[in-house]
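Asker: Here the working numbering = 1-based position in the sequence shown + 1094.
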Amino acid sequence: MFLHKNRDGYFTSEDIVSQANSAIDILEMDYPEYQHVLVYDNATTHLKRPEGSLSAQHMPKSTKAWLIGVTEWDANGNPVYQSNGTLKKTKICMGPAQLPDGSLQELYFPGGHSQAGMFKGMTVILQERGADVKDSKGKVKKAECKGFKCPEGVTDCCLRRMLFNQPDFKNIESILETSCKARGVEVLFLPKFHCELNFIEQCWGYAKQVYRYNPESSCEDVLMKNVIDALAAIPILSMQRFANRSHRYIHAYSTGLNGRQAAWASKKYRGHCELDKAQIN
1095 MFLHKNRDGY FTSEDIVSQA NSAIDILEMD YPEYQHVLVY DNATTHLKRP
1145 EGSLSAQHMP KSTKAWLIGV TEWDANGNPV YQSNGTLKKT KICMGPAQLP
1195 DGSLQELYFP GGHSQAGMFK GMTVILQERG ADVKDSKGKV KKAECKGFKC
1245 PEGVTDCCLR RMLFNQPDFK NIESILETSC KARGVEVLFL PKFHCELNFI
1295 EQCWGYAKQV YRYNPESSCE DVLMKNVIDA LAAIPILSMQ RFANRSHRYI
1345 HAYSTGLNGR QAAWASKKYR GHCELDKAQI N
C-alpha cells in the first residue's frame, strides 16, 4: 500500500504467497476438518512461475547464445535496484525440459559439444522430441506466426505454437500453486475477464464507496486509517449476498448461458443461490 521510489504499492507474487500462507494458518486453526481450496482471479501476480521456468515466448528459432533475464535478489530476499530506480536483472539458463518419455531434456548443449553452452533453439528442441519441423515445401517452419496470432485450432503452424502446446511447457505450476500444494491446499484460477465470479471484487467496490465518503487528506496515517476502516465497514450480510450473486453467475454459466443471459438471470432471481431448470428455460 505504501509508495516510494522502489515500490509502486501493488502486491507482488511474494506478497500473494505470504498472504496465502497466513490464510491457510487461519483455516487450519479454525476449520481443520475440511479440505480447503483457495480461489484466485487470473492476475499475473497469481500466475507467476518460478524464475527460469519453461516458456516458448521469446525462444530463438536457431542455436545461439541465449539466456533469460530475471530479477536479481539480495541475501535477504529483497529485489536489487539500480541507481535509476529500476530493477536490476541477471541472466540465467532456462530449463531443463521433459521429453515425452519422461526423461530430462537439456536446452543447452553440454560440455564437450562443439557448441557447448549454447541454447539449442526451438528447431533442435522439437527435433529431439521427434516432432516434424518441416512445412509442406520441406523447409523448416517459421519461428512464429505474425503477432503469434495463429489460425484457430491449428497447433503446428509455427515452431513457437508447437512448443507452446507441449505438455511440459503448458503444465507448469505457478509459485502460488506450488506453495499451497506443499501445505495440502488446492488452488483454482477463475477465467480471465470474469470479475463477477469473484465476490471479493464486490467487497472492494463496497469498501471503495465507503472510503470516498472521507474528506481528502495528505496525511499518510489518516489515509491508512480510512482504508482499514473502509474494509472493516463491509457487513457480513453484504459479503454473503455478494457470494450468492457470484454463485448464481457460476451456476448460470455452467448451464450454458452466455454473459448477457447470466446477468439477466442473476438479477431476475437474486433471492436464489442457484437457478433451477424451469427458471433458466
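No residue lacks a Cβ here, since even glycine has one placed at the ideal position from N, Cα and C.
Would DSSP call Q1192 helix, strand or coil?
Answerer: The answer is strand: DSSP assigns Q1192 an E or B state.
Asker: Identify every run of the beta strand (DSSP E) within the region 1125-1192, keeping only runs that are complete inside it and at least 3 residues long; order them along the chain.
Answerer: Fully enclosed beta strand (DSSP E) runs of 3 or longer: 1131-1134, 1162-1165 and 1183-1186.
Asker: May I ask you to list the residues that DSSP assigns as paired with Y1202?
Answerer: Looking at the DSSP assignment, Y1202 forms a beta bridge with F1213.
Asker: Less than 8 Å between the CB atoms is what I'm expecting for N1292 and L1284, so what's the real figure, rounded?
Answerer: Between L1284 and N1292 the Cβ distance is about 6 Å, and since that is below 8 Å, they are a contact.
Asker: Can you tell me whether R1342 is buried or exposed, with buried defined as 16 or more other CB within 10 angstroms of its CB?
Answerer: Label assigned to R1342: buried.
Asker: Specify the secondary structure class of E1310 as computed by DSSP and reduced to three states.
Answerer: Looking at E1310 - three-state DSSP - the assignment turns out to be coil, as it is neither helix nor strand.
Asker: Distance, Cα to Cα, T1180 vs K1361?
Answerer: For T1180 and K1361, the distance between alpha carbons rounds to 47 Å.
Asker: Hey, does W1167 have any beta-carbon neighbour from chain D nearer than 8 Å?
Answerer: Checking the listed chains, one finds no chain D in this structure; it contains a single protein chain.
Asker: Taking its Cβ as the centre, do 16 or more other Cβ atoms sit within 10 Å of L1148, making it buried, or is it exposed?
Answerer: Buried is the call here.
Asker: Please confirm whether I1328 and C1297 have their CB atoms less than 8 Å apart.
Answerer: Yes, the Cβ-Cβ distance between I1328 and C1297 is below 8 Å.
Asker: Mind checking whether T1249 and N1259 have CB atoms under 8 Å apart?
Answerer: Their beta carbons are under 8 Å apart, which means T1249 touches N1259 by this criterion.
Asker: Out of P1194, D1135 and D1109, state which residue places its alpha-carbon closest to the alpha-carbon of K1286.
Answerer: Here the closest residue by C-alpha is D1135.
Asker: Which value, in whole angstroms, describes the spacing of the CA atoms of T1165 and D1109?
Answerer: Cα to Cα, T1165 sits roughly 16 Å from D1109.
Asker: Consult DSSP for E1295 and reduce its assignment to one of helix, strand or coil.
Answerer: Note: E1295 maps to helix in three-state DSSP.
Asker: Which whole-angstrom value is the C-beta distance of F1213 and A1159, which I expect to be below 8 Å?
Answerer: So it is a contact: roughly 7 Å between Cβ atoms.
Asker: Pick out whichever of S1273, R1339, P1309 and E1310 has its Cα sitting closest to the Cα of R1143.
Answerer: Out of S1273, R1339, P1309 and E1310, S1273 has the C-alpha closest to the C-alpha of R1143.
Asker: Rank P1245, R1254, E1290 and F1105 by C-alpha distance to the C-alpha of R1335 and give the top, closest one.
Answerer: Out of P1245, R1254, E1290 and F1105, E1290 has the C-alpha closest to the C-alpha of R1335.
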